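Residue numbers (the numbering used here): 1 to 452. For every residue, glycine included, the Cβ atom is placed at its ideal position computed from N, Cα and C. Keep in mind that this is a model prediction, so the values were computed, not measured.
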């Protein structure tokens, strides 16, 4: 049955590999179960309701991706978009969170239409193959940077913006976390080089266990004020009735102090960032998995984009910010995932997380950081496929890949890449390479910087 549904042999994989990879993807994404409720509670939403909505939306979206597209891509409420939801739309603009949920719901409906009419697929295919390599490498740098920050290896610095952690200053909290992450990274790399199956997942679990040992011996000290929590999982049950606080509230928005123009601006902002975050993630992860054809196209991309759109609207109904394809899916791909079976495993774990959310939320950032940093290495290898002899191809790819980590956004990286590709090739007499849709995208990105 599984063979018939997911075509395992055709994709050179097996049940064991897919299951381990699915678990790995979930482990690298589990932080969203702790982060999303915290962020959206700043918008006035019930944290427990958001937690349940996050689990359910992730389950629905990831399962849709598995069944519609048969790809090992997992979905969850997107980082960055949830911060925009809470701090810009709700706190900054003063809008009620139900209005923001409505904007997300409408955004999802628009994406469903665009997916069914092949508009999003056309945009995906219009991006040149070399630029797609730049996107893949850029995402690798981006998620590695996220991992370095999550492990507190890279920290803020008033004079240089960023610096490495001072291991001795706060050794029992920040310092030991960074040290454990480095140990986990070395362990993951060694296991991977030795071709140990599930090396990335083993690295996550081993790092977490080492952390619990450090807490037991006093090397790691719990400091709630500085957000260094106990590393031991708890077994408290979830309040299932809390979901009623957010479910369906997008259909009952509080429109006080909200003009039509402002609502459209919010809607377009969600729409723009989500579209190109998703496209960038699909490009990067599918390229790493070897799923793109010779022309840089992804088979069944229409179904993948449709699953993403369905998840966005479903998540808004349940009560969470934009649900989108996650770059952490690359951790599962790095562990061998090639089919939707891995996504089914990841989705089911999100569903189970409703029952055991306190356990999963105990996975610390420094334990998942080695996986993100190492997968970043696997993805940045796409850079060797870029033709650096053709500057009109290489320079836009380069600008794209450095923009993603430095601007902390996949969408911004794509924007810089598209704009520079069109301008450089147009002025350098290679306009024939530029498709009409690339011109349109470049103009839209420029307008976005001017008006949004």
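Straight-line Cα distance separating residue j from residue i
i, j, result
"residue 221", "residue 259", "49 Å"
"residue 238", "residue 216", "27 Å"
"residue 427", "residue 390", "15 Å"
"residue 440", "residue 433", "14 Å"
"residue 453", "residue 169", "Because the chain here runs from 1 to 452, residue 453 falls outside it and cannot be looked at."
"residue 241", "residue 34", "19 Å"
"residue 160", "residue 42", "30 Å"
"residue 142", "residue 264", "30 Å"
"residue 485", "residue 305", "Because the chain in this structure spans residues 1 to 452, residue 485 falls outside the shown range and cannot be described."
"residue 410", "residue 280", "6 Å"
"residue 334", "residue 78", "21 Å"
"residue 429", "residue 299", "32 Å"
"residue 308", "residue 51", "20 Å"
"residue 97", "residue 424", "42 Å"
"residue 302", "residue 109", "15 Å"
"residue 443", "residue 296", "23 Å"
"residue 89", "residue 345", "34 Å"
"residue 219", "residue 180", "11 Å"
"residue 403", "residue 1", "44 Å"
"residue 276", "residue 412", "8 Å"
"residue 100", "residue 37", "15 Å"
"residue 198", "residue 177", "23 Å"
"residue 358", "residue 140", "30 Å"
Assigned secondary structure, residue i (DSSP; H/G/I helix, E/B strand, else coil)
i, result
"residue 72", "coil"
"residue 163", "strand"
"residue 420", "helix"
"residue 93", "coil"
"residue 398", "helix"
"residue 358", "helix"
"residue 293", "coil"
"residue 377", "helix"
"residue 408", "coil"
"residue 238", "coil"
"residue 55", "helix"
"residue 425", "helix"
"residue 308", "helix"
"residue 107", "helix"
Within-9 Å CB hit, residue i to chain D
i, result
"residue 365", "In the structure shown, chain D cannot be found, because there is only a single protein chain."
Run of the beta strand (DSSP E) containing residue i, from where it starts to where it stops
i, result
"residue 157", "154-157"
"residue 323", "323-325"
Endpoints, alpha helix (DSSP H) assigned at residue i
i, result
"residue 245", "First-last for residue 245: undefined, no H or E at that position."
"residue 211", "199-217"
"residue 36", "32-41"
"residue 22", "15-29"
"residue 329", "329-334"
"residue 171", "Taken as a continuous stretch (DSSP letters only), residue 171 belongs to no alpha helix (DSSP H), as it is neither H nor E."
"residue 383", "Note, residue 383: premise wrong, no alpha helix (DSSP H); not H, not E."
"residue 262", "260-288"
"residue 6", "2-6"
"residue 457", "Given that the chain is displayed from residue 1 to residue 452, the structure contains no residue 457 and the question cannot be resolved."
"residue 436", "436-451"
"residue 150", "129-150"
"residue 338", "It is not in any alpha helix (DSSP H) - residue 338 carries neither H nor E in the DSSP assignment."
"residue 124", "119-126"
"residue 363", "Element bounds for residue 363: n/a, residue is neither H nor E."
"residue 177", "176-193"
CB-CB length for residue i against residue j, believed under 8 Å
i, j, result
"residue 59", "residue 248", "Incorrect: roughly 18 Å between the Cβ atoms, too far for contact."
"residue 124", "residue 340", "With 8 Å as the limit, residue 124 and residue 340 do not qualify as a contact, their Cβ atoms being about 19 Å apart."
"residue 315", "residue 323", "4 Å"
"residue 310", "residue 64", "5 Å"
"residue 136", "residue 294", "At roughly 16 Å, the Cβ-Cβ gap does not stay under 8 Å, so residue 136 and residue 294 are not in contact."
"residue 397", "residue 386", "5 Å"
"residue 367", "residue 207", "4 Å"
"residue 330", "residue 285", "5 Å"
Strand pairing of residue i, partner residues [DSSP]
i, result
"residue 232", "Paired residues: none, contrary to the question."
"residue 223", "228"
"residue 77", "323"
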